[in-house]
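> Top to bottom, those sequences are chains A and B.
Quick note: the first sequence uses my numbering, first residue 1, plus one each step.
Quick note: the second sequence uses my numbering, first residue 342, plus one each step.
Handing you a structure now.
Protein chains: 2
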Amino acid sequence: MASSTLEQIAELSGVSRSTVSRVINNDPRVSAATREHVLEIVRRERYRPNLSARGLALGRTNVVAAVIPGAVDNILTDPYFPRLLHGMAMAADERDHFVMLSLGGPGFRHTVDEIARQGVVAGIVFSAGQVDDPLFEPLFASQTPMVSVGRSDDDRVSYVDVDNRGSAQQVASHLLRLGNRRVATIAGPSFAPAAVDRLAGYRAAIEAFGLRVDQDLIYEGDFSESSGRAGIKSLLEHRPDAVFAASDRMAAGALNGIRAAGLRVPEDIALAGFDDMPFATELEPPLTTVRQRPEKLGAAALSLLLDLIAEPASPPKRMILPTELIVRASCGSLQDQRERR
Amino acid sequence: MASSTLEQIAELSGVSRSTVSRVINNDPRVSAATREHVLEIVRRERYRPNLSARGLALGRTNVVAAVIPGAVDNILTDPYFPRLLHGMAMAADERDHFVMLSLGGPGFRHTVDEIARQGVVAGIVFSAGQVDDPLFEPLFASQTPMVSVGRSDDDRVSYVDVDNRGSAQQVASHLLRLGNRRVATIAGPSFAPAAVDRLAGYRAAIEAFGLRVDQDLIYEGDFSESSGRAGIKSLLEHRPDAVFAASDRMAAGALNGIRAAGLRVPEDIALAGFDDMPFATELEPPLTTVRQRPEKLGAAALSLLLDLIAEPASPPKRMILPTELIVRASCGSLQDQRERR
DNA sequence: AATATAGTTGAGAGCGCTCTCAGAAGTTGT
DNA sequence: ACAACTTCTGAGAGCGCTCTCAACTATATT
């Protein structure tokens, strides 16, 4: 497998190393004839440039790190990260880059800033589950181009995110338009920006509808199914007619809880979630929810990152991705609502 | 973040580049005093060797690829791959290596053999869901050290796997010992080695128990919940008293199906699954199953791979990891069985 | 016809590291 | 005291690539 080098290709083509290098890198300063001829040899020899050599000469690599600090906990439970990675990998591939996995967090020897400090990666996609992850600062300080997955208030950072606030507002509004007036929410943990935004969207919807936000109708969960169940138990005391859970898993927990209390969804209580997880369709009734596409997020993050790498001095870039309200049976319909009266 | 080079460290320490290099690489041919002194400077300067340069000089890198061809489909549904990756990442980190993600499959430009062909990675962990993945041959042909996750019949390949056969036999035996005589199975797809092995284990258990394997009691699913449901529907016609589903998801589907048929688990039919997925405890009743630890698989694969890289000429290495039978309520107990009569 | 210009190519240095080889210094044996 | 080691260190080449600079050729400008 000793594969060919630039030098050898040059030899075979009867041109200099420099010329072959230009061909490989699509440098316009090569005559069409020479280019074609060299390309032919390149193809024939199945030549691939050595990335280490190129990285060394260039002073940078075409490898980017996907840093997922909380991986230990999160990655197990949730298809979110795999999908994010998948999107990144696709986008990276398309632009001739590679993704290096860096599940940071406690227990890891090669903390990410070490990785960042040297030619290992050209940039970082940082996907912490929470604001102010301890890894963030050192990474940022390392000056390595970085894109955060998930909004940040820090105006020096580039990020991609889904429109959590807007989508939450949309769901809540939908519940309101259906005639519900006591719309409760099981929010995510307040340290998670996504949770904060979804809660904000919920509030906005209520206020836009001319109602007052009732603190009794807000429960803070932690995105888990069990917290959904705990949340609904507490909320039921305040007789909501609809519940917006900030994650599908919490919605599933809530659904169980509602059942356990002898109530029906959507007849007695309308329910909506967030994420459109695979099981959302399999619940009884199927769950109204917000579809987000982690793949797109990952791809967008990577794309932004490559732009940032290409132009390190440019101002931070942001991108907010749209979501999609998926209406299923769990939130009921206007029809149902009329019958409820 | 223009970080220091070997040269600079050498300068600062008043020794030669070679000596610093030896210190960095734990070469014993350096006096304790010099070593300590150099290390101090290294620490002070937060020096990290440039991986590209090292890779170039060494002719190899400390990056290994995790190749998951079917990622597009699988990674979404199943925490298996994330856990596998997690295990790999941990093990790699521990041994100063990095994991590069390579979700192969259709649509990817940089097919993995390209990656393999040049200094990009020192080795490959290959985790296809099925025998004879089209990516396998070219990868193998590239001579890059490679470890397959999941058994192969090809005796040139190194692999790690869990003891699918043994564990399936153990579950099935457990069902038999509990007094069940018409033990059915919902097998996985026959193109998946894991499925084949689990089915073989099931057969072995029945035969070891002195019973005949009844073809009517075997249904081939595809590991999905819906196939579990379809499977049980078909199997119920042959009145099994126990069912071993080759995946927890199929078991969940079967459970639904059994319920739908008006039967109870475990009173009327004992049920067991495989995988010990998170939801196994949350089913009603909690599911008896086989716990496998994809993290360990990943770590083992990586470890084997590094050995292989260190000694490329060595014969293929194999490793079979144990599993754990987790007995929960779904399979019933001897007590239940007595009452059943 | 002399000169400028654009287009194309090659020579050579250098990226940061490892490794071989040889030399210096210190140790042991006779 | 001298040879024969052993232990430690430095010099220098070279890994495969990119990039700058200079040179050469062909064409356009005056």
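The C-beta atom is built at its ideal place from N, Cα and C for all residues, glycine as well.
(1) Do we get a CB-CB distance below 8 angstroms when we pair residue 53 of chain A with the residues of chain B?
(2) Name the chain B residues whose beta carbon is nearer than 8 angstroms to that of residue 100 of chain A?
(3) So what does DSSP say about residue 496 of chain B, is it helix, strand or coil?
(4) Measuring CB atoms only, is the stretch 388 to 406 of chain B touching the stretch 605 to 619 of chain B, in the sense that at least three cross pairs come out at less than 8 angstroms?
(5) Please state the DSSP three-state secondary structure of residue 355 of chain B.
(6) Taking contact to mean 3 or more Cβ pairs, one atom from each stretch, closer than 8 angstroms, check whether the stretch 602 to 614 of chain B and the stretch 483 to 496 of chain B are in contact.
(7) Checking 8 angstroms against the spacing of the C-beta atoms, do residue 55 of chain A and residue 393 of chain B come in under that value?
(8) Just tell me which of B:361, B:370 and B:463 has its CA closest to the CA of residue 50 of chain A.
(9) In chain B, which residues lie less than 7 angstroms from residue 89 of chain A when you measure between Cβ atoms?
(10) Using only CA atoms, which one of A:198, A:308 and A:257 lies nearest to residue 292 of chain A?
(11) Are residue 221 of chain A and residue 186 of chain A close, meaning C-beta to C-beta below 8 angstroms?
(12) I want to see whether chain A comes within less than 8 angstroms of residue 422 of chain B, judged by CB atoms only; does it?
(13) If you draw a straight line from the C-alpha of residue 321 of chain A to the C-alpha of residue 435 of chain B, how long is it?
(14) Report yes or no: do three or more beta-carbon pairs, one from the stretch 221 to 240 of chain A and one from the stretch 188 to 198 of chain A, lie closer than 8 angstroms?
(15) Would residue 426 of chain B count as contacting chain A if we go by Cβ distances under 8 angstroms?
(16) Can you tell me whether DSSP reads residue 560 of chain B as helix, strand or coil?
(17) Enumerate in chain order the residues of its own chain whose CB-to-CB distance from residue 38 of chain A is below 6 angstroms, with the five nearest sequence positions on each side excluded.
(18) Measure the C-alpha to C-alpha separation of residue 233 of chain A and residue 243 of chain A and round it to an integer number of angstroms.
(19) So, at 8 angstroms on beta carbons, what are the nonlocal neighbours of residue 370 of chain B in its own chain, with the 5 sequence-adjacent residues on each side left out?
(20) In three-state terms, what does DSSP make of residue 641 of chain B?
(21) Using the three-state DSSP reduction, which class does residue 402 of chain B fall into: helix, strand or coil?
(22) Kindly say whether residue 56 of chain A, judged by its beta-carbon, lies nearer than 8 angstroms to any beta-carbon of chain B.
(23) Only counting runs of 4 or more residues, tell me where the alpha helix (DSSP H) segments fall wholly within the stretch 262 to 319 of chain A, in order along the chain.
(24) According to the neighbour-count rule (16 or more other Cβ atoms, all chains shown, within 10 Å of its Cβ), is residue 32 of chain A buried or exposed?
(25) Along the chain, where does the alpha helix (DSSP H) containing residue 137 of chain A start, and where does it finish?
(26) From the beta carbon of residue 149 of chain A, is the nearest beta carbon of chain B less than 8 angstroms away?
(27) Do residue 128 of chain A and residue 99 of chain A have their beta-carbon atoms positioned less than 8 angstroms apart in this structure?
(28) The stretch 461 to 475 of chain B: which residues have C-beta closer than 7 angstroms to a C-beta of chain A, in chain order?
(29) Within the continuous beta strand (DSSP E) that includes residue 587 of chain B, where are the two ends?
(30) Please return the same chain residues whose Cβ sits closer than 7 angstroms to the Cβ of residue 194 of chain A, not counting the five positions on each side in sequence.
(31) Are there 16 or more other CB atoms within 10 angstroms of the CB of residue 377 of chain B, so buried, or fewer, so exposed?
(32) With 16 as the cutoff for other CB atoms within 10 Å, does residue 424 of chain B come out buried or exposed?
(33) Excluding the five sequence neighbours on either side, which residues of its own chain have a C-beta within less than 8 angstroms of the C-beta of residue 637 of chain B, listed in chain order?
(34) Taking residue 40 of chain A as part of the alpha helix (DSSP H), name the residues at either end of that continuous run.
This is what the structure gives:
(1) Answer yes: the Cβ-Cβ gap between residue 53 of chain A and chain B drops below 8 angstroms somewhere.
(2) By Cβ distance, chain B contributes 404, 439, 440, 441 and 442.
(3) Reduced to three states, the DSSP call for residue 496 of chain B is coil.
(4) These segments do not touch.
(5) Note: residue 355 of chain B maps to coil in three-state DSSP.
(6) The answer is no - the stretch 483 to 496 of chain B does not touch the stretch 602 to 614 of chain B, with fewer than three Cβ pairs under 8 angstroms.
(7) In this structure, residue 55 of chain A places its C-beta atom within 8 angstroms of the C-beta atom of residue 393 of chain B.
(8) The shortest C-alpha to C-alpha distance from residue 50 of chain A to any of B:361, B:370 and B:463 is the one to B:463.
(9) Within 7 angstroms Cβ-Cβ: 442 and 444.
(10) Measuring from the Cα of residue 292 of chain A, the nearest candidate turns out to be A:198.
(11) Yes, they are a contact pair.
(12) At least one CB atom of chain A sits nearer than 8 angstroms to the CB of residue 422 of chain B.
(13) Near 37 angstroms, if we compare the C-alpha coordinates of residue 435 of chain B and residue 321 of chain A.
(14) Judged by Cβ distances under 8 angstroms, the stretch 221 to 240 of chain A makes contact with the stretch 188 to 198 of chain A, as three or more pairs qualify.
(15) Cβ-Cβ to chain A under 8 angstroms: yes for residue 426 of chain B.
(16) In the structure shown, residue 560 of chain B adopts extended strand secondary structure according to DSSP, grouped into three states.
(17) So the qualifying residues of the chain are 13, 20 and 23.
(18) Rounded to whole angstroms, residue 233 of chain A to residue 243 of chain A spans 12 angstroms at the Cα level.
(19) A distance below 8 angstroms between beta-carbons, with the five flanking residues on each side excluded, links residue 370 of chain B to the following residues of its chain, in chain order: 363.
(20) In the three-state reduction of the DSSP assignment, residue 641 of chain B falls in the helix class.
(21) Judged by DSSP in its simplified three-state form, residue 402 of chain B adopts coil rather than helix or strand.
(22) Yes, residue 56 of chain A lies at the interface with chain B (some Cβ there is under 8 angstroms from its Cβ).
(23) Fully contained in the stretch 262 to 319 of chain A are the following alpha helix (DSSP H) runs of length 4 or more, in chain order: 294 to 310.
(24) Here residue 32 of chain A is exposed. Its C-beta has fewer than 16 other C-beta atoms within 10 Å.
(25) Start and end: 136 to 141.
(26) Residue contact with chain B for residue 149 of chain A: absent (no Cβ-Cβ distance below 8 angstroms to any residue of chain B).
(27) Taking 8 angstroms as the cut-off, the beta carbon of residue 99 of chain A is found no closer than this to the beta carbon of residue 128 of chain A.
(28) Residues 461.
(29) Taken as a continuous stretch (DSSP letters only), residue 587 of chain B belongs to no beta strand (DSSP E), as it is neither H nor E.
(30) The answer, listed in chain order, is 150, 164 and 188.
(31) It counts as exposed.
(32) Per the 10 Å Cβ criterion, buried.
(33) If you ignore the 5 residues before and after residue 637 of chain B, its C-beta comes within less than 8 angstroms of the C-beta of 428 and 662, all in its own chain and listed in chain order.
(34) It spans 32 to 45 - the alpha helix (DSSP H) in which residue 40 of chain A sits, taken as one unbroken run.
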